[in-house]
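To start, the structure under review is shown below, and the notes come after it.
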Amino acid sequence: MVKETKPKTTKKVVKKPVVAKAPKAKVVPKAVAKAPKVVADKVKCEDKNCPIHGNNKMRGRIFEGKVIRAKMAKTVTVEWPRRRYLSKYERFEKRRSKVKAHNPVCISAKEGDTVRISECRPLSKSKNFVIVEVLNQNGGNQ
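Just so we're aligned, residue 8 is where the sequence shown starts under our numbering, counting upward by one.
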């Protein structure tokens, strides 16, 4: 007696198209922010909210942005661009974030400066960030 064997059926393998993932926006890595070392102070700083001379603890996220407004007392407005991915159109859109940050007397950033800001406890109704250091000084346009 000879057994009948069924021929093996071959399955067609359909490959799915590879979709590239969108690159994430550049954000400074989340870490405990340390205040930069100050060698010699030009201005005596007695600000209690200063991250270097005061007792303001920095925590949370760290960003780099440009000072677009510095007309308020000890407060600046910092803005930085970011990209948001739209899955419907498979493209990126440009957006910008704008926050108010505390500007200590010893740092005194001006309009046009590129600064690094760090999140801290709420200092006022709208201020939750403090300037840690000035990266590029382009201020003095006033």
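Note that beta-carbon positions come from the ideal geometry of N, C-alpha and C, so glycine has one too. Just so you know, these numbers come straight off a predicted model, no measurement behind them.
Q) Assuming K73 contacts V85 under a Cβ cut-off of 8 angstroms, what Cβ separation, rounded to an integer in Å, is found between them? A) The C-beta distance from K73 to V85 rounds to 7 angstroms, short enough to meet the 8 angstroms contact threshold.
Q. Based on the DSSP output, what are the partners of Y96 in its beta bridges?
A. Looking at the DSSP assignment, Y96 forms no beta bridge with any residue, so it has no partner.
Q: Consult DSSP for A47 and reduce its assignment to one of helix, strand or coil.
A: Any reading at A47 is ruled out, since the residue's pLDDT is 43, under 50, leaving its predicted position unreliable.
Q) For P88, does the three-state DSSP call read helix, strand or coil? A) P88: strand per DSSP, three-state reduction.
Q: Work out the CA separation of I114 and P58 for me, nearest whole Å.
A: So the two alpha carbons sit approximately 10 angstroms from each other.
Q | Euclidean distance between Cα positions of P111 and S133 | A | If you take the alpha carbons of P111 and S133, they lie about 16 angstroms apart.
Q. For V106, which residues does DSSP report across the bridge?
A. V85.
Q) Would a C-beta distance cut-off of 8 angstroms place R123 and V139 closer than the cut-off? A) Judged by beta-carbon spacing, V139 lies within the 8 angstroms limit of R123, meaning their Cβ atoms are closer than that value.
Q: Please report how far the alpha carbon of R89 lies from the alpha carbon of R103, in whole angstroms.
A: Rounded to whole angstroms, the gap between the alpha carbons of R89 and R103 is 6 angstroms.
(Q) Along the chain, where does the beta strand (DSSP E) containing I114 start, and where does it finish? (A) Note, I114: premise wrong, no beta strand (DSSP E); not H, not E.
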